[in-house]
Each structure stands twice: as C-alpha cells, then as structure tokens.
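Asker:
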Amino acid sequence: MRQRVARVAVVAVLVALILLAVPLALVIKAAYFADERGELERDALEAAVRVGPEFAAGDPVELPPAQSDRGVGLYDGQMRLRAGTGPDAADATTRRAAGGKVVHGHSADELVVAVPVSTAERVIGVVRASAGSQGVWNRVLLAWLALLGAALVAFGAALLVARRQARALTAPLEALSRTSQAVADGDLTARAATCGIAEIDQVAGSHNAMVQRLARLLQHERDYAANASHQLRTPLTGLQLGLETALTTPEADLRAAAAEALEQSRHLQHTIDEVLRLAKAEAAPATHTASQPAGELLERAERRWHDPFAQDGRRIRFTLEPGTAILPLPSRAAEQILDILLDNARKHGRGSVEVALREVGDALALDIADEGTLTLDPKTVFDRGTTTGPGTGIGLALARDLAETAGGRLTLAKTAPTIFTLLLPHPG
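In terms of UniProt numbering, the sequence shown opens at residue 1 and continues consecutively.
1) Below 6 Å CB to CB, which residues in the same chain sit around Glu416 once its five sequence neighbours on both sides are set aside?
2) Going by other Cβ atoms of all chains shown within 10 Å of its Cβ, with 16 needed for buried, is Asn344 buried or exposed?
3) Are the CB atoms of Ala89 and Ala63 within a distance shorter than 8 Å?
4) Taking the beta strand (DSSP E) that Val103 belongs to, which residues open and close that run?
5) Could you pull out every residue in the same chain whose Cβ sits closer than 6 Å to the Cβ of Asp354, ignoring the five residues on either side in sequence?
6) Using a Cβ-Cβ cutoff of less than 7 Å, which residues in the same chain neighbour Tyr75 once the five nearest sequence positions on both sides are dropped?
7) Compare the Cα-Cα distances from Asp312 to each of Gly351, Pro293, Ala301 and report the closest residue.
8) Evaluate Ser68 with the Cβ neighbour count: other Cβ atoms within 10 Å of its Cβ, from every protein chain shown; 16 or more gives buried, anything less gives exposed.
9) What do you get for Ala171, buried or exposed, if any count of 16 or more other CB atoms within 10 angstroms of its CB means buried?
10) Is Ala369 helix, strand or coil by DSSP?
11) Write down every uninterrupted run of the alpha helix (DSSP H) in the stretch 188-266 whose length is 4 residues or greater and which is fully enclosed by it, in chain order.
12) May I ask you to list the residues that DSSP assigns as paired with Glu110?
13) Of all the alpha helix (DSSP H) runs that stay within the bounds of the stretch 392-427, which reach a length of 4 or more residues?
14) Roughly how far, in whole angstroms, is the beta-carbon of Phe382 from the beta-carbon of Arg400, given that I think they are within contact range, below 8 Å?
15) Determine, using beta carbons only, whether Trp144 and Ile28 come nearer to each other than 8 Å.
16) Between Pro425 and the rest of its own chain, which residues show a CB-CB distance below 7 Å, the 5 nearest in sequence each way excluded?
17) Hey, would you say Glu359 sits closer than 8 Å to Thr411, going by beta carbons?
18) Report the CB separation of Val61 from Arg70 in whole angstroms; it is logged as a contact under 8 Å.
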C-alpha cells in the first residue's frame, strides 16, 4: 500500500509538471522569437529613418552598421538590393512590405522583418532586417534546459515528500493491522494508538471500542462460568449427600428425603437464575426481583445450613429484631448472598455463627458473624481472586455484585471477630 500511495502522488506531480512545463516552454519559445523580431524591427526602422526622398532619384544611402549576427538591406521600388546585405532579389516578405505595412516572416534558417520606406504617402523602398534563427533556438534550448532542471528538482522533491507522506499514511494503518492481528491471536489488551490523522484515529477509536466491548463480554462469560461453578458446587454436594444418605439408611423416610431433594433442586434453579441475572445486569437496567418475608427466607437458610455446621461440630443461630420477620426482602439475591457468606464462614471462619436481621434507619442490615479473625486486607477482601486458603476467591466478589444489583451494599463491618453486613433498602 505504501508504494501505491507514493505512486499515486508521484503520478499526480508528474501530470502537474507536464501541464505546467509544456505551456511554459511554448511561452518561452514564443517570447524569445518575439524579442528577436522586435530587435530586427527596431534595426529596420532605424535604417528606414536614414532613407530620404532623394533615394527615389537614385542617390546612394548609408545604412547604420548592423550586429554581426544580423543583416540589414535596402531595396528600391523594383525590389532590387541597393545597399546593405540581403538577397539580390527581394523575397516574399520584402515584396509584401511594399504594400505599406511592416511584415514579419521567416525562412528555413532566418527571421525576417521588412519595413516600408515612404515619402509623400508613396513607398519608395523597403528595409529588410534579418537574423539567423539558430541563435534564437540556442537561447530557447538553454531556457528549456533550465526549465527541465527545475522540473527535475521539483519532481525529486515531490518524490521525497510522497515517500514521506506515504510512510506517514501507511504506518498507522500497518500498526492497526498488527494490533488487529494481536487481538485475533487472543491478546485482548492490544489497543491501537492515535497518529494525528483524524480519519485513521476514528478507525482506531472504533477498533479499540470494539475490542474493549469484546473483552468485557468475554470477561462476563468467564465470570458467569466461575460464578455458576462456585454457587452450584456446595448445593449439588449437599443434594448428593442427602440422596446417598436416604438410600444407605434402611429406616430413612424416602418421602421426606425426596421432598428435601426437591426443595434443594428448586434452590439450585434459583441459584442459576440469579447468577444469570447478574451476568446480564450490565446490559440491562436492574429490575425488581421477587420478594419474600425475611422470616421465611432465614428459616429456609437455617434448614439448609444447620446440618452442615452440625457435622463440623459448630452452631449456627438466626435472630430477628422484633418486627423485621414480616418485612420483604429480595429473596433470590438475599439467599445467594447469605449462602455465600455462610459457606465462607464455614470454610474460613471459626466457632459459632450468628445471623441477625435488624433495622438501621432507612435500611435493613443482615449481619453474618463468626468467632474467627480475618487476616486479609479489608481493602481487597472483595476483590476477585483474593483468598486465604485453597478456594477460588470468587465468593465475596460475587456476593458484593449480587448486593449491588439488588440495590444494596455488602461491607466488612469487623475483622475480629469477623462480621459481614448486608445492607438492603428498607421496603417501607
């Protein structure tokens, strides 16, 4: 492409030079010949002034001296050479001047100007001035050579400028091509740089916006997969253990086990829906989700988590401030956040766990506390990938995102003992 741009520029300059140089060369030629004819006409007029009326009677006339490359001759009424230099018999140009007008003419190798000599309104002779055309052509050729040299210099300068401009135009496009190839190879951090050319910068900006959008979509897909894996692992394990226990225990109530499995499967479905809703939260405005009385929501959470904590030899207790049990909460988001925080307390906390719901001004606060000590930096505890153990570091980041999509906020209230607080808008 660089060669094509340079070629177009060079061709344009070449055409412009031809269109300018050819007419200018013709003008130079015409100007030199016109100057020479003007000089010849002045010589002829100067000689004609010296011819008096006595010339008609046959008196001799002395003509002024001519330059070495020019000739001046005086012809009588019979068109015979009487003085000076010239052909013995008048040529066509000289005979035409006998009609009383200045005549310019030329032959194969000379320029001719004929001036009539008149007295009493009667032509008594003709002065013929001539010069070789070769001298004029020599001056014309020298001027043309100078013009050609100037054109070549201009063409060379144009060629250098064209190459430089071609590099300036194609280098950003080549860089953009390399950036696009890097993106195609999987580097979504590659960005096109600006170059100062408005049109190319606009393309680069559109390219960067496209790559940024693509990177965000791919990150959403990865986050969705990671969030779904994180949220489904524990419920699926619980469902599997419950079914295995029911099958291996002879006196087990299969109907109750099936009902419990059905309840857990519904919870799994809600988990999937909530994770999917979180993945779409940036593409669409947040919408109100289904609400449920706080008492029922916490009662279900107690049923889900009582046995896992009991198996670890730990206690879990749920308390509600008077009057809060009937207040509605965004059930799916609150359930997911509560499950994440309880799973976090089970894996990384110590001792008993207490879940408390209380009113704080125009908000509801849900505290999840255990007897452990948080060793992470409170500023980074909600960053994705931050963890103190073998976990993925996804849970708290996911819980924070879920809280924000529900219009709430998740904070670390205390590090020793560890207390997380979920603030949700007061339904009243």
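Idealized CB from N, CA, C, for every residue including glycine.
Answerer: Answer, in terms of the structure:
1) Note that residue 416 corresponds to Ala in the displayed sequence, not to Glu. Contacts found: Thr373.
2) buried
3) According to the sequence displayed, residue 63 carries Leu and not Ala. Going by C-beta atoms, Leu63 is not nearer than 8 Å to Ala89.
4) 103-106
5) Asp is not the amino acid found at residue 354; the sequence shown has Glu there. Around Glu354: Arg317, Ala369.
6) Leu81, Arg82, Ala90, Thr94, Gly125, Val126, Arg128
7) Gly351
8) exposed
9) exposed
10) strand
11) 198-248
12) Gly132
13) 395-405
14) 5 Å
15) yes
16) Ala363, Gly407, Gly408
17) no
18) In fact, because the Cβ distance is near 18 Å, the residues do not count as touching under 8 Å.
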